[in-house]
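In the UniProt record's numbering, the protein residues as written are 1 to 152.
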């Protein structure tokens, strides 16, 4: 957020903006109106819950490592190889699953991808399906250079 305001004020501003947006959205889309006093009560309750949560976790803003976690792509072990990354996921309602596979070369350049959605929520089945999807992608992918057909 802004660096020239204290963190506590920034949190209060952010929660207040969210609460106003939430109350406005409820009024416009659901026809449910909330009094300003109720909105202010919700803001104070959320701030108190955040403080309690942070105390229980032993959280301290000076100890946070913001932005320290980075996602880096790990290349295949040999330059001539390609790498397949796979994943499976279930929807939040738990009724639909999806599997996907992405192939990249040793320079992290996109080569091919495949994804499928299905009406399965069983994670073990989806994990098996993602392996089948990866094998199918590896079989379907065709390269004229035989050295480029090595996929790990």
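Think of the CB as a built atom: it goes at the ideal place given N, C-alpha and C, for glycine as much as any other residue.
Check, Outcome
"Cβ shell of residue 39 (< 6 Å), same chain only, five flanking positions each side left out", "19 and 23"
"Close-in-space but distant-in-sequence residues of the same chain around residue 1 (CB under 6 Å, 5 per side omitted)", "Because residue 1 carries a pLDDT of 48, less than 50, the predicted location of this residue cannot be relied on, and the following value inherits that uncertainty. Excluding sequence neighbours, residue 1 sits near 10."
"Segment contact flag, the region 74-86 with the region 102-110, C-beta cutoff 8 Å, min 3 pairs", "yes"
"Whole-Å CB distance - residue 102 paired with residue 85, under 8 Å assumed", "5 Å"
"N-terminal and C-terminal residue of the alpha helix (DSSP H) that residue 137 is part of", "123-140"
"Which residues DSSP lists as bridging residue 114, in chain order", "101"
"Per-residue DSSP class, three states only, for residue 29", "helix"
"Extent of the continuous alpha helix (DSSP H) to which residue 83 belongs", "Premise fails: residue 83 lies in the beta strand (DSSP E), 83-90, not in any alpha helix (DSSP H)."
"Rounded distance between the beta-carbons of residue 123 and residue 90, thought under 8 Å", "6 Å"
"Own chain, CB closer than 8 Å to residue 47, minus 5 neighbours either side, in chain order", "11, 12 and 15"
"Distance between residue 97 and residue 35 (C-alpha atoms, nearest Å)", "41 Å"
"Spatial neighbours of residue 43 in its chain, beta-carbon cut-off 6 Å, leaving aside the 5 residues before and after", "15, 16 and 19"
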